[in-house]
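A quick write-up on the structure given underneath.
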Amino acid sequence: MLAPERHRRIREALRDRSVVRTEEFAAMLGVSAETVRRDLVALERRGSLVRVHGGATSVVGGSGEEAPFAERSGTDREAKAAIGRAAAELVRPGQTLIIDVGTTALEAARALPQDHYGVVATCSLLAAAELAGRPRVEVLVAGGRLRPGDLACSGADTAGFFADLNADVAFLGSGGVDVAAGLTDYHLDEVATRRVMIANTVRSYVLADSRKLGRVAAHRVCGLDDFDGLITDEMPSPALREALEDSGGLIVATG
Numbered sequence: 004m005l006a007p008e009r010h011r012r013i014r015e016a017l018r019d020r021s022v023v024r025t026e027e028f029a030a031m032l033g034v035s036a037e038t039v040r041r042d043l044v045a046l047e048r049r050g051s052l053v054r055v056h057g058g059a060t061s062v063v064g065g066s067g068e069e070a071p072f073a074e075r076s077g078t079d080r081e082a083k084a085a086i087g088r089a090a091a092e093l094v095r096p097g098q099t100l101i102i103d104v105g106t107t108a109l110e111a112a113r114a115l116p117q118d119h120y121g122v123v124a125t126c127s128l129l130a131a132a133e134l135a136g137r138p139r140v141e142v143l144v145a146g147g148r149l150r151p152g153d154l155a156c157s158g159a160d161t162a163g164f165f166a167d168l169n170a171d172v173a174f175l176g177s178g179g180v181d182v183a184a185g186l187t188d189y190h191l192d193e194v195a196t197r198r199v200m201i202a203n204t205v206r207s208y209v210l211a212d213s214r215k216l217g218r219v220a221a222h223r224v225c226g227l228d229d230f231d232g233l234i235t236d237e238m239p240s241p242a243l244r245e246a247l248e249d250s251g252g253l254i255v256a257t258g
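Here the sequence shown is numbered in my numbering, starting from 4 and rising by one per residue.
Here is the structure:
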């Protein structure tokens, strides 16, 4: 079993139980306790759990660091695809659409109907490549510094590109969505770009699978009242749901 699949199953186990012992993980995964310990170290570094004596416990919040793209792209794929489909249903033909970076935002690009027509602006080379073969979609790609893995562009050139664009809908990536911290992200260079996207778009929606709800990444993008809705795979906690509704935000939960 490859590491991304082990990490996914470890996180799932901690959703159901507050504490899981190393020996239990090893039996569940069919690997050695030493392999489990290495996995727990990696997941703790990313803010997915907290190691305790003899095992691990779940964690709420905590910035950690973002998992590599290859691991994220293989995690909760059906949940992300469902979020992408729900996002695509909010787009109307002829609109100007912004698609941000991230594995879930990429699913929104994939979910656009094959006969969709309109303008799609993106700072994700992966999203641009996904849509490049659509004959009725005009793809606009922001320049800037390229981040490996996600193939995301950021920097002053990227922010300037979106400052000159007036869009109808934006689908935003995220590092976390929290009641107090709002929308947060792991990459400082991409925060400014995301703020410009929000400011220049009629309606902006955050795409976040349930693992990101209640999580706080290192850099704050904006408060809950600065974007228009959240598209996720599970209904948020009562506190987060109430805060979003109080701010007038739409909540779309696919699960």
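We treat Cβ as the ideally placed atom computed from N, Cα and C, and that holds for glycine.
C-alpha gap between residue i and residue j, whole angstroms
i: L5; j: A132; result: 27 Å
i: A256; j: L210; result: 10 Å
i: G97; j: D249; result: 31 Å
i: I234; j: H119; result: 21 Å
i: K83; j: E245; result: 23 Å
i: V205; j: D171; result: 5 Å
i: A162; j: R198; result: 9 Å
i: V94; j: F28; result: 42 Å
i: D236; j: P138; result: 31 Å
i: F230; j: L175; result: 9 Å
i: N203; j: G232; result: 16 Å
i: S207; j: I201; result: 6 Å
i: A89; j: I254; result: 11 Å
i: E141; j: R80; result: 27 Å
i: L168; j: L128; result: 18 Å
i: M238; j: L247; result: 11 Å
i: I101; j: R11; result: 29 Å
i: G121; j: L143; result: 11 Å
i: G252; j: D160; result: 30 Å
i: S240; j: D228; result: 17 Å
i: P116; j: A91; result: 8 Å
Assigned exposure category for residue i - 16 Cβ within 10 Å defines buried
i: R214; result: buried
i: H56; result: exposed
i: G87; result: buried
i: R41; result: exposed
i: G258; result: exposed
i: L191; result: exposed
i: S177; result: buried
i: A45; result: buried
i: P151; result: exposed
i: G33; result: exposed
i: A242; result: exposed
Three-state secondary structure assigned by DSSP to residue i
i: L32; result: helix
i: H56; result: coil
i: R328; result: Since the first residue shown for the chain is 4 and the last is 258, residue 328 is missing from the structure and cannot be characterised.
i: S213; result: helix
i: G87; result: helix
i: A145; result: coil
i: A108; result: helix
i: G163; result: helix
i: T187; result: strand
i: L253; result: strand
i: A220; result: coil
i: L93; result: coil
i: D181; result: strand
i: D236; result: coil
i: D19; result: helix
i: L100; result: strand
i: L175; result: strand
Test item: CB-CB of residue i and residue j under 8 Å
i: D212; j: T107; result: yes
i: V104; j: A145; result: no
i: H222; j: V182; result: no
i: V53; j: E47; result: yes
i: V23; j: A30; result: no
i: G226; j: G185; result: yes
i: G136; j: R148; result: no
i: A112; j: A130; result: yes
i: V123; j: L109; result: no
i: A166; j: T187; result: no
i: R18; j: S61; result: yes
i: S51; j: R14; result: yes
i: T25; j: G58; result: yes
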